[in-house]
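Okay, structure first, notes after.
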Amino acid sequence: MKALRLLRAVPVVAYPAPEHGDSFARSIVAAWIEGHQREIAIRFPMRPGPPPVEIYDRAAAALAAELDAGYDAALLCQGDPLFYGSFVNVLTRLAGRYQIEIVPGVSCLTAAAATAAIPLVSRDDTLAVIPATLDEHQIAARLAASDTAAILKLGRHLPKVRRVLNRLGLLDSAVYVEHATLPTQRVVPLACINADLAIYFSMVLVRCAEQPRGRSGRANAQTHAED
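Letter by letter, the sequence shown follows residues 934 to 1160 in the working numbering.
So, in structure tokens, the structure goes:
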């Protein structure tokens, strides 16, 4: 409700978008964007690797121009702005120069857990959020040290993640979630996924504590690190 109130109050609305096509972030609130509001689409290339810094420079400059002219602006974000969000790179360019109010959102992590009905942590449990872009021994080490893990940024790294989980005896405990909370959401055991490429809006959740821990799990991770 706070985000909607701010969205309705500003004359300028900005949002991330692919190089071609519509913005997913905009589509979520399209019904509440008024015709008199100016829109700024921040276009990102949909390819592996971090976006060019020039994209964030141009986005920050466009927003700064509106703010300097006396117009408040809202920047839409998918999930939570500070959880792997592109907003972070705009924030660092504008912070200290303008008053910025951040409205927290439902992150992909909590959305996927709710969709799969998988408890993330309880009492003294530990949670690891692991980018699939890490190498295999780094992923294995973080899995071995946590009770629950969420593996993000799957994409072309899906086969690597599957190999690591299989080696640690965690493959049967891993759940693949895509499009969490959307009408197209899908929740299936990772062991049933045969594809070598995961879609952009997907992640793997795994309850590491449900498998044998201690010396066996650490030994598997350490053996690969030495290899």
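Virtual Cβ for every residue (Gly too), placed ideally from N, Cα, C. For clarity, every value in this text was computed on a predicted model and none was experimentally measured.
query = Per DSSP, which one or two residues make a beta bridge with threonine 1081?
reply = Leu1060 and Arg1140
request  = Return the Cβ separation of threonine 1081 and cysteine 1141 in integer angstroms, given the expectation that the two are a contact with Cβ distance under 8 angstroms.
outcome  = 6 angstroms
key: Per DSSP, cross-strand counterpart(s) of serine 1135   = Glu1111
inquiry  = Using only the alpha-carbon positions, how far apart do valine 946 and aspartate 1005 sit?
reply    = 9 angstroms
task = Pick helix, strand or coil for glutamate 972, following the three-state DSSP scheme.
result = strand
task = Jot down the residue ranges of each uninterrupted alpha helix (DSSP H) in the region 974-1022, minimum 4 residues, whole runs only, in chain order.
result = 986-1001
message = Are the CB atoms of leucine 1104 and alanine 1074 within a distance shorter than 8 angstroms?
response = no
task = Assuming aspartate 1013 contacts serine 1040 (C-beta within less than 8 angstroms), just tell me the rounded distance between them.
result = 4 angstroms
task = Could you pull out every residue in the same chain whose Cβ sits closer than 7 angstroms to the Cβ of alanine 1046, ignoring the five residues on either side in sequence?
result = Leu1053 and Leu1138
message = By the three-class DSSP mapping on this structure, what secondary structure does alanine 1065 have?
response = coil
key: DSSP state of proline 944 mapped onto helix, strand, coil   = coil
inquiry  = Rounded to the nearest angstrom, what separates valine 1110 and alanine 995 at their Cα positions?
reply    = 35 angstroms
message = Classify proline 978: buried if its beta carbon has 16 or more other beta carbons within 10 angstroms, exposed otherwise.
response = exposed
Best match in Gly982, Ala998, Val1097 and Leu939 for proximity to glutamate 967 [C-alpha to C-alpha] = Leu939
Given phenylalanine 1020 as reference, the closest of Ala992, Arg1030 and Tyr1031 once Cα atoms are compared = Ala992
request  = Please go through the same chain and pick out, in chain order, the residues whose beta-carbon is closer than 7 angstroms to the beta-carbon of glutamate 999, but skip the five residues on each side of it.
outcome  = Val945 and Ala1006
request  = Can you say whether alanine 942 is buried or exposed, counting buried as having 16 or more other CB atoms within 10 angstroms of its CB?
outcome  = exposed
ask   = Rounded to whole angstroms, how far is the Cβ of glutamate 1069 from the Cβ of arginine 1096, which I believe are closer than 8 angstroms?
value = 7 angstroms
key: For arginine 1089, the first and last residue of its enclosing alpha helix (DSSP H)   = No alpha helix (DSSP H) contains arginine 1089, which DSSP labels as neither H nor E.
ask   = Just curious, the alpha helix (DSSP H) that arginine 959 is in, first and last residue?
value = 957-961
task = Assign threonine 1039 to one of three DSSP states: helix, strand, or coil.
result = A small fix is needed here, since residue 1039 is valine in this sequence, not threonine. If DSSP states are grouped into helix, strand and coil, valine 1039 belongs with coil.
Beta-carbon contacts of glycine 1018 that lie in its chain and below 6 angstroms, excluding the five residues immediately before and after = Cys1010
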